[in-house]
Structures are given as C-alpha cells and as structure tokens.
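Mind the numbering: the sequence shown is residues 229 to 391 in my numbering, read in order. Glycine residues also receive a C-beta, built at the ideal position from the N, C-alpha and C atoms. Please read the structure below before turning to the comments.
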Amino acid sequence: MNILRMIWKNLRHGYQTLLFPSRPKVTSRFRGLVQFNPEYCTGCAVCKMRCTSRAIEFKPGKGEFTWSYNPGQCTFCGRCVEGCSEHALKAGHPEHALSQEEACPPIYLTPGELSLSYTLARKPPVRKPVAAPAPKPAAAEPQPAAASASSAQAPNPINGGAQ
Ligand code: SF4
Ligand code: SF4
C-alpha cells in the first residue's frame, strides 16, 4: 500500500486506543470485579473457602465479622459468587451478596485502591416458617348395617357355630 495513503487512512480514523479512564467494551456475562452487597451477607464464609487465590479474607469476631476483597489477587473465576448464590438458595434467601461487574476492571494507580473491607454485625439465622400440621380426618362412625352383617356371620359359641 502506498505509504501516503496509509498515513492518510490512519489520520482519518483518529485515535485507535482508549484514553484514560475509558474502559474497553466487553461481551455480555463478562466476569469483572467482585461486587459485595453487605445487606445480603450472612457471614457464612463460603466465599473465602472457595477462593483459592486468597483474594477474599474473612475474619470472625465477637458478634461481628470482617469481609475483605483484594482485586489484585483475584483471577475473576467467579467461584465465590457461585458459592454465595448456592448457599443463599439453600437457606431460602432470594438474594445473595456477591456478583461480578460486567465490565473490564478499571486502571488503578495506588496499590489496594480497589480493595474492599466491611465489618458487619452478625445477623440471627433466618428460620424458615414451619407449616402447621394438617388436621386429622375425623374417625369414621361404625356403620350399623356392617355391624349387623358381621354379627350375623359370627359363630355361635353356644351351639358350636351351628346356625
Ligand atoms: S458467601 Fe456470600 S453470604 Fe457468605 S460470607 Fe461470602 S459474601 Fe457473605
Ligand atoms: S472471583 Fe475467584 S479469585 Fe476472585 S475473589 Fe472470587 S473466587 Fe477469588
């Protein structure tokens, strides 16, 4: 290709790189930074146990716990989110605390800038309402016709069963 044409084409298209702080577009279901909603966290620590990268820390305390996330160690695998959602479903909660941002993680300039840490009070366990036992059906009254039929067929103890 003619070098002048190439230069002209490049100039005409303008910037081909993104300018800070823009983030590149991602496809749907892209797994980015882990998002935490303290309102739905039950302090079960399943996320910490599932995170082999040690990006999630969980410190239990007296009547409280501290949940922390370090994106610098996160591989965005999503195992913590999966575990949190499964645990919430088993406990009968419609919502769960963890999700992943559907966006490319932003550039950060200071180490630990995107880290999260929450100290939350322990919540009492939510018990599922126990269903009241179904009322037992009333005992059937003996039927007079059936009673007379059975007595008619019973052997007579006086005459040895002869009718
Ligand atoms: S798995 Fe979910 S509910 Fe359990 S501690 Fe982690 S964020 Fe909280
Ligand atoms: S996405 Fe994976 S690496 Fe990141 S915090 Fe969750 S389990 Fe750990």
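Our contact map puts F264 next to L348 with C-beta atoms below 8 Å; I'd like the distance itself, whole angstroms only.
Along the sequence shown, read from residue 1 onward, the residue named residue 264 stands at position 36. Along the sequence shown, read from residue 1 onward, the residue named residue 348 stands at position 120. Not really, about 10 Å apart at Cβ, beyond 8 Å.
First and last residue of the alpha helix (DSSP H) that includes S313?
Counting from one through the sequence shown, the residue named residue 313 turns up at place 85. Start and end: R307 to K318.
Taking N298 as the reference, give the member of C312, G271, P339 and Q244 with the closest Cα.
The residue given as residue 298 occupies position 70 in the sequence shown. Of the candidates C312, G271, P339 and Q244, the one whose C-alpha sits nearest the C-alpha of N298 is P339.
Only counting the same chain, and skipping five residues up and downstream in sequence, which positions put a Cβ closer than 7 Å to that of Q324?
Residue numbering aside, residue 324 sits at position 96 when the sequence shown is read from its first letter. In the sequence under discussion, the amino acid at residue 324 is His, which differs from the Gln named in the question. Hits under 7 Å: Y268, C312, S313 and A316.
Taking its Cβ as the centre, do 16 or more other Cβ atoms sit within 10 Å of A380, making it buried, or is it exposed?
Reading the sequence shown from its first residue, position 152 is the one you call residue 380. Residue confidence is low: A380 scores 41 on pLDDT, short of 50, so the model does not pin down where it sits. Its coordinate-derived value is still stated next. Label assigned to A380: exposed.
Below 8 Å on the Cβ atoms is my guess for L261 versus P252; work out the distance and round it to an integer in Å.
For this step, residue 261 is matched to residue 33 along the sequence shown. For this step, residue 252 is matched to residue 24 along the sequence shown. Between P252 and L261 the Cβ distance is about 15 Å, and since that is not below 8 Å, they are no contact.
Any heavy atom of ligand 1 closer than 8 Å to the Cβ of T294?
Translated into the one-based positions of the sequence shown, residue 294 becomes position 66. Not so, every heavy atom of ligand 1 lies at least 8 Å from the Cβ.
According to DSSP, is K253 part of a helix, a strand, or is it coil?
Looking up residue 253 in the sequence shown gives position 25. Reduced to three states, the DSSP call for K253 is coil.
What separation, rounded to the nearest whole angstrom, lies between the Cα atoms of K276 and E285?
On the sequence shown, position 48 is the one that residue 276 refers to. On the sequence shown, position 57 is the one that residue 285 refers to. Rounded to whole angstroms, K276 to E285 spans 6 Å at the Cα level.
According to the neighbour-count rule (16 or more other Cβ atoms, all chains shown, within 10 Å of its Cβ), is F293 buried or exposed?
Translated into positions along the sequence shown, residue 293 becomes position 65. F293 should be labelled buried.
Helix, strand or coil: how does DSSP classify Q301 here?
Stepping through the sequence shown from its first residue, residue 301 is reached at position 73. Of the three classes helix, strand and coil, the one that applies to Q301 here is helix, per DSSP.
Among the candidates K290, E330, E310 and G289, whose CA atom is the shortest distance from the CA of T255?
Walking along the sequence shown from the start, residue 255 turns up at place 27. Closest option to T255, Cα to Cα, is E330.
Measure the alpha-carbon distance for S301 versus C279 and round it to whole angstroms.
Sequence index remark: in the sequence shown, residue 301 carries index 73 (1-based). Sequence index remark: in the sequence shown, residue 279 carries index 51 (1-based). Position check: residue 301 holds Gln in this sequence, whereas Ser was assumed. Their backbone Cα atoms lie some 10 Å apart in a straight line.
In chain order, what residues of the same chain have a beta carbon less than 8 Å from the beta carbon of P249, not counting five sequence neighbours either side?
On the sequence shown, position 21 is the one that residue 249 refers to. Here the set comprises P334 and I335.
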